[in-house]
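Those letters in the sequence shown? Residues 47 to 418, per our numbering, in order.
Backbone N, C-alpha and C define an ideal beta-carbon position, used for all residues, glycine too.
In what follows, a single structure is set out as structure tokens and then discussed.
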Amino acid sequence: IKSWRFPESRFSTEKITVRQLLSHTAGLPLGDIFNLYFPERDQEIPSLQECLSAEARPVQEPGSTFFYSNTGYNLLELLIEEVTGRDFAEYMQSDILGPLGMHNSTFVWSAELDPPVPFGYDLAGEAIPVYVYPEKGSGGLFATVEDIAVFVAAGMPGFSGVNAVLSDRSINALYTPVADRLGVYSLVFDSYGLGHYLEILPNDKLAVSHGGQGTGWMTHFHSVPETGEGIVILTNSQRSWPAIAQILTAWARWSGFSSVGMGRIVWGSNLLWVLVGLPWASWLWLAWGLAAGVLKKARRFLPLAAESQLRRLAQGGVSAALLAGLYWCSQQDYLLISSLFPLVSDWLQISVLIFSVVLLLTALCPAQASAS
């Protein structure tokens, strides 16, 4: 790449390869996913090079481990432009989308898009107008579910039709594992190839998949290239992971695959509902004892009383720690648990908040020693 250089870094950026970028093993960070640019507003959008200069700062040695990076794919966007001498969106339209027959797909926003792009809805349920990113390589495609289905079919040797843009050998290379230690992603996938999550199903078939998430949006596709089965799910809500997991679970059973890794999100949601019940049961028990003590005048607001000081200090400390944790959570732009389990995580926060307050009141209103 001649038009851009990596910022100064203690890591060996000169060793970064295309294969590492495609497999998220180049050591680059996730990148900024919160700055949105609304095309119908008068906003100055930074260039691709400006974004890369701000975000493409390695966080680990290239080739070391998997670290999901939108920035890496944005760097590939710049590489494509330099190699082809063409605009990325124009190249993708003429050499990829068009030949595949994806005629309702584009990397260029237009108010004339048909069907029109609906509003998205974020984790709080707030409506989000259509927006664009300065970069297109990691998430700038506007497409219909039918066109994404065409793309998924194009990744199935034997089912891709006459308009294939990759040879069967190249497609199979995409599905060859590169990284098998995926961090939290290992809970639902076995490995990562080139641009695809990979998993071996209970029937020993290979499943390939990928999803996308933006403010107000969630998407996912899953396919089994050997059998020709696939599914595409596009949603305009950022609270969709549980629904996507349930749909995938039903699809897997209907297709005879028994289960897919994403179905574990359903298990996780059920487990969290059990965990939600623990603080609810705890605060109800504490509140009952506190209310009974106050009504019987066996408890009073005496924060400096000598009774059970160590226990009350411990209660106050636990309460303060939980409240501080809840405050920290409320200040975060994004929490994985809120994304994966939006409804149950809301109730978990409510139950922890009530438990913390009741525990603090219990510490501040000690039981009085009975008079002899």
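Check	Outcome
Taking Arg59 and Val224 to be in contact with their CB atoms under 8 angstroms, please state how far apart those CB atoms are, rounded to whole angstroms.	Sequence inspection shows Thr at residue 59; the Arg mentioned does not correspond to that position. Wrong, their Cβ atoms sit about 19 angstroms apart, outside the cutoff.
Taking the continuous alpha helix (DSSP H) assigned at Trp329, which residues delimit it?	310-341
Indicate whether the contact test is met: 3 or more Cβ pairs, each with one atom in the stretch 297-316 and one in the stretch 372-389, closer than 8 angstroms.	yes
Can you tell me whether Lys342 is buried or exposed, with buried defined as 16 or more other CB within 10 angstroms of its CB?	exposed
Please list the terminal residues of the continuous beta strand (DSSP E) segment that includes Phe267.	263-270
Quick check on the DSSP output: the beta strand (DSSP E) that includes Gln259 runs from which residue to which?	252-260
Which residues does DSSP pair with Val278 in a beta bridge?	Phe267
Quick one: using the 10 Å Cβ neighbour count with 16 as the cut-off for buried, is Leu336 buried or exposed?	buried
What are the start and end residues of the alpha helix (DSSP H) that includes Tyr119?	116-130
Indicate whether the contact test is met: 3 or more Cβ pairs, each with one atom in the stretch 322-336 and one in the stretch 370-381, closer than 8 angstroms.	no
Using three-state DSSP, classify Ala417 as helix, strand or coil.	For Ala417, the predicted model reports a pLDDT of 46, less than 50, meaning its position is unreliable; a value from the coordinates is still stated below. Three-state DSSP puts Ala417 in coil, outside helix and strand.
For Gly77, which three-state DSSP category applies?	coil
Under the three-state reduction of DSSP, which class applies to Thr152: helix, strand or coil?	strand
Which whole-angstrom value describes the C-beta separation of Gly204 and Leu220, a residue pair presumed to lie in contact below a C-beta threshold of 8 angstroms?	Actually they are not in contact, since the Cβ atoms of Gly204 and Leu220 sit about 15 angstroms apart, beyond 8 angstroms.
Are Gly77 and Asn116 touching if we call contact CB-CB under 8 angstroms?	yes
Taking the C-alpha atoms as reference points, what is the distance between Asp133 and Pro53?	24 angstroms
Leaving out five residues on either side along the sequence, give the residues of the same chain with a beta carbon under 6 angstroms from the beta carbon of Ser418.	The predicted model places Ser418 with a pLDDT of 42, which falls under 50 and marks its position as unreliable, so this point remains unresolved.
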